[in-house]
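Take a look at the structure below.
Protein chains: 2
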Amino acid sequence: MTELSTLFEASLDPDSTAPLYRQLHGALRDAILGGRLTPGERLPSSRAMSKHLGCSRNSVTEAYDLLTAEGYLEGRVGAGSFVSRAFAEGWVRDRPGMLHGHSDAGPPRLSRVGEVLLEMGAGSLEESDDPRQDPIGPDPSAFPFDIWARALARAWRRPSPDQAFRGDPMGHRPLREAVADYLRKVRALDCGADQVMITSGAQHALDLIARLLLNPGDSVWMEDPSYRGARAALAAAGAHAIPVPVDGDGFDAARAADIAPDARAAMVTPSHQFPLGVTMSLARRMKLLEWAAAGERWIVEDDYDSEFRYTGRPIPALQGLDRARRVIYVGTFSKAMFPGLRLGYLVLPPALVEAFRAARMLLDGHTAMIGQLALAEFIADGHFPAHLRRMRALYGRRRDIMLHHLNERLAPFLAGPSGEAGMHLLAHLREGLDDSAIVRRAAGVGVNCQALSAYHAGPDRRQGLVLGFGAVREDAIPGIIARLADVVGQR
Amino acid sequence: MTELSTLFEASLDPDSTAPLYRQLHGALRDAILGGRLTPGERLPSSRAMSKHLGCSRNSVTEAYDLLTAEGYLEGRVGAGSFVSRAFAEGWVRDRPGMLHGHSDAGPPRLSRVGEVLLEMGAGSLEESDDPRQDPIGPDPSAFPFDIWARALARAWRRPSPDQAFRGDPMGHRPLREAVADYLRKVRALDCGADQVMITSGAQHALDLIARLLLNPGDSVWMEDPSYRGARAALAAAGAHAIPVPVDGDGFDAARAADIAPDARAAMVTPSHQFPLGVTMSLARRMKLLEWAAAGERWIVEDDYDSEFRYTGRPIPALQGLDRARRVIYVGTFSKAMFPGLRLGYLVLPPALVEAFRAARMLLDGHTAMIGQLALAEFIADGHFPAHLRRMRALYGRRRDIMLHHLNERLAPFLAGPSGEAGMHLLAHLREGLDDSAIVRRAAGVGVNCQALSAYHAGPDRRQGLVLGFGAVREDAIPGIIARLADVVGQR
Chain A
1 MTELSTLFEA SLDPDSTAPL YRQLHGALRD AILGGRLTPG ERLPSSRAMS KHLGCSRNSV
61 TEAYDLLTAE GYLEGRVGAG SFVSRAFAEG WVRDRPGMLH GHSDAGPPRL SRVGEVLLEM
121 GAGSLEESDD PRQDPIGPDP SAFPFDIWAR ALARAWRRPS PDQAFRGDPM GHRPLREAVA
181 DYLRKVRALD CGADQVMITS GAQHALDLIA RLLLNPGDSV WMEDPSYRGA RAALAAAGAH
241 AIPVPVDGDG FDAARAADIA PDARAAMVTP SHQFPLGVTM SLARRMKLLE WAAAGERWIV
301 EDDYDSEFRY TGRPIPALQG LDRARRVIYV GTFSKAMFPG LRLGYLVLPP ALVEAFRAAR
361 MLLDGHTAMI GQLALAEFIA DGHFPAHLRR MRALYGRRRD IMLHHLNERL APFLAGPSGE
421 AGMHLLAHLR EGLDDSAIVR RAAGVGVNCQ ALSAYHAGPD RRQGLVLGFG AVREDAIPGI
481 IARLADVVGQ R
Chain B
1 MTELSTLFEA SLDPDSTAPL YRQLHGALRD AILGGRLTPG ERLPSSRAMS KHLGCSRNSV
61 TEAYDLLTAE GYLEGRVGAG SFVSRAFAEG WVRDRPGMLH GHSDAGPPRL SRVGEVLLEM
121 GAGSLEESDD PRQDPIGPDP SAFPFDIWAR ALARAWRRPS PDQAFRGDPM GHRPLREAVA
181 DYLRKVRALD CGADQVMITS GAQHALDLIA RLLLNPGDSV WMEDPSYRGA RAALAAAGAH
241 AIPVPVDGDG FDAARAADIA PDARAAMVTP SHQFPLGVTM SLARRMKLLE WAAAGERWIV
301 EDDYDSEFRY TGRPIPALQG LDRARRVIYV GTFSKAMFPG LRLGYLVLPP ALVEAFRAAR
361 MLLDGHTAMI GQLALAEFIA DGHFPAHLRR MRALYGRRRD IMLHHLNERL APFLAGPSGE
421 AGMHLLAHLR EGLDDSAIVR RAAGVGVNCQ ALSAYHAGPD RRQGLVLGFG AVREDAIPGI
481 IARLADVVGQ R
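First to last, the sequence lines map onto chains A and B. Numbered according to my numbering, the first sequence terminates at residue 491, and the numbering increases by one at each position without gaps. Numbered according to my numbering, the second sequence terminates at residue 491, and the numbering increases by one at each position without gaps.
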């Protein structure tokens with residue numbers, strides 16, 4: 001019988017979270033796999049073992065039982081426990097290498113999709129590092145979490161079995177009805193609740209659209225500049241994103257058709273182009289709809305921040321004009337509520353509902369019910385519009401103050417800062433100024449802004465600053481703009 | 001000026017949820033797009049229009065303002081509003097078709113992924129129709145929702161900005177630590193919290209694995225019979241699932257290698273094969289690990305119902321034996337908690353963490369924080385193990401009663417019903433009995449069970465009944481089995 005003290009590579013740790021029997025099980029298993037206990041060898045009696053280890057005999061017998069159940073040991077009645085010959089001779093002796101330590105191979109082989117996402121993701125990892133630095137994010141401190149917590153508790157104290165156990169791949173019906181009602185009223189959409197699918201955020205919605213409608217190699221018109229998340233969704237589907245320069249009238253389908261006549265889809269932000277903020281003209285909307293209607297082409301309308309508009313009336317959504325049912329409308333609650341909620345929605349053409357429903361069921365079942373139930377309560381109790389009004393006023397003030405100070409301090413460097421909606425201002429830079437350099441210098445003095453050029457995918461990269469005001473306290477704005485002014489001029 | 005009464009296709013509805021100005025806006029827009037208002041035509045004054053419609057003049061001016069902002073109308077100071085020539089002449093007259101009614105094309109063109117999922121999903125749609133009919137689901141009525149609601153409220157009354165606004169693509173850290181701790185202790189996994197990624201359910205985890213690790217055309221070993229959801233994830237990735245018959249010792253890598261030597265991955269349920277319930281022998285585990293270690297191959301270990309075992313000790317997970325870091329471990333909270341929660345987890349080999357983190361960030365950001373925070377509280381307060389103990393006892397009793405009655409009433413038809421774990425029993429049928437026919441007849445008398453043959457993908461389909469007991473009240477079991485006995489014998 002082996003000398004017990006030589007049996008264990010590491011001694012057992014009474015303070016470990018793992019129970020002693022589990023530690024002993026692991027130690028003996030390693031001893032067997034490592035060949036320190038040889039096939040056919042008899043183990044110490046549970047009494048001897050427990051005495052040696054100073055642990056309860058019960059822990060030892062539990063460990064022996066488990067090792068026997070697994071097949072490492074075989075018990076012979078009255079004779080004790082032995083290292084299994086059947087197993088050990090077959091496996092252990094010639095394979096110590098495989099069973100000792102961890103092999104550290106190089107980078108693992110991923111799928112092409114995995115490689116693409118790893119490469120794209122690596123860059124963005126830092127950016128997303130602090131959400132309060134998100135230039136277009138809402139204000140963490142302004143959300144009524146007390147009311148929210150009550151809605152959660154109310155919704156979940158006594159959920160129906162359906163709510164807790166049966167998720168509709170399309171989403172919680174009352175929430176879908178609230179969304180459809182809101183969109184019809186406020187965004188002039190032409191839709192019913194049957195067309196609404198609740199998603200786990202807008203990014204998830206874009207990913208679903210790309211997966212279910214685009215094949216690898218398909219060309220897709222993208223606004224240039226544009227939202228990087230949309231490009232990621234296309235890349236993951238292997239689709240080919242075609243950047244199309246956006247002018248003052250928004251995205252131009254005629255220009256896009258010259259660049260890529262064979263595109264299968266277009267991803268646009270007609271109400272408030274991201275990040276330029278321009279509105280797509282009616283003529284351009286008609287042209288785009290006509291293009292989609294003429295073939296089996298899809299238009300993805302991302303209405304990412306329609307809730308917040310500070311001047312003039314919100315322009316109705318493109319979807320409401322679409323008679324050919326080619327528009328897929330994407331919205332999110334990340335800005336109106338808070339990003340961690342991960343709730344967004346799709347308004348699908350009726351012909352796509354069944355395919356999306358089936359796909360959700362098979363890919364991830366449905367979006368978690370917890371947030372959906374609480375949000376439906378939050379809306380039903382009238383808290384949602386009230387919250388929007390409060391935030392619109394709050395963000396509106398911050399926008400005005402920031403605009404004022406930009407014009408005061410930075411007029412010589414900027415070409416008309418603007419921002420009718422959303423949570424950011426865009427300030428084009430005058431000839432000769434380098435936005436990336438300014439953004440770096442600004443970060444150095446604690447001012448967070450983004451370079452317009454970084455949102456471009458095409459060759460023609462405009463220089464400008466994307467300045468978020470949503471999460472910036474009013475009294476902090478003058479100082480921020482002053483510090484920005486100090487660095488903008490520097491060479 | 002057009003006769004006003006002829007202007008509107010539909011009259012305005014004062015009871016509609018849409019405000020009057022919005023209804024008027026829509027009606028005038030359609031009149032312009034439909035050509036009933038011609039380019040250059042002057043609109044009635046807001047006074048005349050409001051008088052005609054019996055609505056406030058304010059509603060009319062709001063509608064006119066919006067139509068002007070959109071470009072349908074152009075205002076001439078003092079002269080009123082006119083249908084825009086610039087827009088209308090360019091677009092409307094030659095395109096009434098496009099702008100009237102909805103074109104109803106045939107089935108839409110989906111991506112190949114979309115087609116595959118639509119086809120697979122169509123079948124499952126009915127099955128998932130009632131979760132309480134889910135043969136392997138938990139009991140809706142036994143979950144402590146009062147405690148859960150308190151955990152939710154506590155977690156969300158005052159969340160940190162990080163919790164509400166910044167989601168870690170890997171998941172809520174305290175929850176990941178709780179999961180890692182639980183898995184090390186209870187399932188003998190070799191892992192730290194850094195390897196744990198919280199997913200939106202186990203199905204979502206399988207989908208991520210398939211997307212990030214498999215290319216279209218890659219072969220993957222699948223247990224036969226097996227979980228249909230796993231096959232769906234592979235199909236969505238375009239991977240080729242190779243069914244490998246499972247025997248009493250579980251999945252056999254040697255046999256699989258004969259069938260498909262070039263496989264890139266294997267999807268297995270070693271602890272409790274689904275749905276057969278057998279445990280993979282130690283020799284088979286070693287063989288499988290050796291195969292993976294020998295090449296760049298992945299093993300997906302689905303430990304779907306490890307929390308519930310009624311006889312003997314739970315066999316430690318395969319992952320704990322894996323020295324080559326080739327095993328990706330998948331778990332879910334759907335059974336231990338409730339399905340609508342949509343929380344599951346992956347334990348990744350360290351080499352895969354960065355790729356999965358980047359992919360989550362770009363594909364869907366992260367799993368919603370709401371359930372994660374509450375679940376972490378629920379676990380921290382000790383409610384989780386307590387709930388598991390209660391459920392294990394409850395389900396254990398139901399299992400014993402069902403087993404007893406099966407043996408009593410159905411012995412002549414069944415070959416040893418069994419079920420050491422999980423929420424279902426498996427009863428192989430004796431020669432000559434057709435499980436699908438029995439399942440249909442059983443449904444006719446209100447008994448829900450599933451045909452073992454339906455879980456097979458390969459040619460050799462065993463005949464048996466999968467009987468769930470998790471959600472069946474104890475006092476209902478004798479009657480259910482009696483009704484089942486009545487129909488099993490029928491020809």
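From the three backbone atoms N, C-alpha and C, an ideal C-beta is built for every residue, glycine too.
- By the criterion of a C-beta distance shorter than 6 Å, Pro-140(A) is surrounded by no residue of its chain, once the five residues flanking it on both sides are discounted.
- Neighbourhood of His-204(B) in chain A, by CB distance below 8 Å: Leu-363, Asp-364, Gly-365, in chain order.
- Boundaries of the beta strand (DSSP E) harbouring Pro-417(B): 414 to 418, taken from the DSSP string.
- Look at Tyr-182(A) here: in three-state DSSP terms it is helix.
- Distance from Phe-251(B) to Leu-288(B) at the Cβ level is roughly 7 Å; contact confirmed, criterion being Cβ atoms closer than 8 Å.
- Contacts with chain B at 7 Å (Cβ-Cβ) include Glu-70(A).
- A contact between stretches requires three or more CB pairs, one per stretch, nearer than 8 Å, and the region 249 to 269 of chain A fails this requirement with the region 465 to 481 of chain A.
- Legend: CB atoms of the region 409 to 442 of chain A lying less than 9 Å from CB atoms of chain B are not found in any residue.
- Under the DSSP assignment, Met-423(B) falls outside any alpha helix (DSSP H); it carries neither an H nor an E label.
- For Leu-465(A), the pairing in a beta bridge is given by DSSP as Ala-427(A), Ala-451(A).
- Boundaries of the beta strand (DSSP E) around Asp-224(B): 219 to 224.
- Among the residues of the region 184 to 199 of chain B, those with a Cβ less than 8 Å away from any Cβ of chain A are Arg-184, Lys-185, Ala-188, in the order of the chain.
- Counting C-beta pairs with one atom in each stretch, the region 195 to 207 of chain B and the region 215 to 222 of chain B have fewer than three that are closer than 8 Å, which means they do not touch.
- Considering only beta carbons, the part of the region 18 to 44 of chain A lying closer than 9 Å to chain B consists of Ala-18, Pro-19, Arg-22, His-25, Gly-26, Arg-29, Leu-33, in chain order.
- The CB of Ser-281(B) comes closer than 8 Å to the CB of Gly-71 in chain A, given here in chain order.
- For the region 321 to 348 of chain A, the beta-carbon criterion of a distance under 7 Å to any beta-carbon of chain B is satisfied by Arg-323, Ala-324, Arg-325, Phe-338, Pro-339, Gly-340, Leu-341, Arg-342.
- Under DSSP, Ile-328(B) forms a beta bridge with Val-300(B).
- Judged by beta-carbon spacing, Phe-333(A) lies beyond the 7 Å limit of Leu-346(A), meaning their Cβ atoms are not closer than that value.
- Rounded to the nearest angstrom, the Cβ distance from Arg-325(A) to Ala-351(A) is 7 Å, consistent with a contact under 8 Å.
- If you draw a straight line from the Cα of Leu-53(B) to the Cα of Leu-67(B), it comes to about 18 Å.
- Contacts with chain B at 7 Å (Cβ-Cβ) include Pro-161(A).
- Interface annotation, Ser-226(B): not in contact with chain A, CB-CB separation never under 7 Å.
- Secondary structure of Tyr-345(A) (DSSP, three-state): strand.
- Contact between Leu-152(A) and Leu-363(B) does not hold, since the beta-carbon distance rounds to 26 Å and is not under 8 Å.
- Beta bridge pairing from DSSP links Ala-265(B) with Val-220(B), Trp-298(B).
- Around the beta carbon of Gln-490(A), fewer than 16 other beta carbons lie within 10 angstroms, which makes this residue exposed.
- In the three-state DSSP reduction, Pro-140(B) falls in the helix class (H, G or I).
- Contact between Val-246(B) and Trp-221(B) is absent: CB atoms are separated by about 11 Å, not below the 8 Å threshold.
- With at least 16 other beta carbons inside 10 angstroms of its own, Val-179(B) counts as buried.
- Within the region 296 to 310 of chain A, the residues whose Cβ lies closer than 8 Å to some Cβ of chain B are Glu-296, listed in chain order.
- A direct Cα-to-Cα measurement between Pro-412(A) and Ala-164(A) gives close to 59 Å.
- Annotated as distal: Cys-449(A) and Leu-425(A), with beta-carbon spacing of 7 Å or more.
- Here Glu-431(A) is exposed, its C-beta having fewer than 16 other C-beta atoms within 10 Å.
- Between Phe-308(B) and Arg-398(B), the CB-CB gap reaches or exceeds 7 Å.
- Per DSSP, Leu-73(A) is not a residue of any alpha helix (DSSP H); the beta strand (DSSP E) it occupies stretches across 73 to 76.
- Taking one beta carbon from each stretch, the region 192 to 201 of chain B and the region 168 to 178 of chain B have 3 or more pairs nearer than 8 Å; the two touch.
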